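For the sequence shown, the residue numbers in our numbering are 686 to 777. First comes the structure, then the notes that go with it.
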Amino acid sequence: MLSSRLNRDLKMAHRFKVGQLVEYKPIGAKVGLFAILRHLPEELSATDWKYRIKSDGEGFERTVQECDLSPSIVPEASYDEVKPLRRAGRHH
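Given below as C-alpha cells:
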C-alpha cells in the first residue's frame, strides 16, 4: 500500500518548483514572467495542479492551473512589465 501511494506521488508531482520563474498569459495581456510562490493541495485527482504565482509588477497573487504555465526560457529582461488588472468601479 505504501509503495502504490509513493508511485502515485512520484507520477503526480508538481512540474514547477517554488521560486521558479514561469511564463503566464493573463487574459487580455501579453505573456509575463511570474514566480511560483507555493503549491496548492490537490482538490480532485482528475484536475490539474494549482499554484499561487506573482509578478513583480502586480500587488496581488494569482491562483493558476499548471496547464496555463510554461517554464521561462528567455532572459528576464525580455519580458514586458505586467500591467495591473483594471477592477470594476476603479476606472480613472
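Beta carbons are placed, not taken as given, at the ideal position from N, Cα and C, and that holds for glycine. Predicted model only: the values in this text are computed from it and were never measured.
field: Through-space distance from A698 to A704, alpha-carbon basis
entry: Along the sequence shown, one-based indexing puts residue 704 at 19. Along the sequence shown, one-based indexing puts residue 698 at 13. Checking the sequence, you will find Gly at residue 704 rather than Ala. Between the alpha carbons of G704 and A698 lies a gap of roughly 16 Å.
- prompt: Which of helix, strand or coil does DSSP assign to E727?
  reply: Residue mapping note: residue 727 aligns to position 42 of the sequence shown, counting from 1. Residue state, collapsed to three classes: coil.
- request: Taking L725 and S757 to be in contact with their CB atoms under 8 Å, please state how far apart those CB atoms are, rounded to whole angstroms.
  value: Numbered from 1 along the sequence shown, position 40 holds the residue referred to as residue 725. Numbered from 1 along the sequence shown, position 72 holds the residue referred to as residue 757. At roughly 20 Å, the Cβ-Cβ gap does not stay under 8 Å, so L725 and S757 are not in contact.
- request: Return the chain-ordered list of same chain residues with a C-beta closer than 8 Å to the C-beta of K739, the five sequence neighbours on each side being excluded.
  value: As a working mapping, residue 739 is identified with position 54 in the sequence shown. Excluding sequence positions up to five before and after K739, its CB lies within less than 8 Å of the CB of F719, A720, L722, F745, E746 and R747, all in the same chain and listed in chain order.
message: Does S757 come out as helix, strand or coil in the three-state DSSP assignment?
response: Against the sequence shown, residue 757 aligns to sequence position 72. In the structure shown, S757 adopts coil according to DSSP, grouped into three states.
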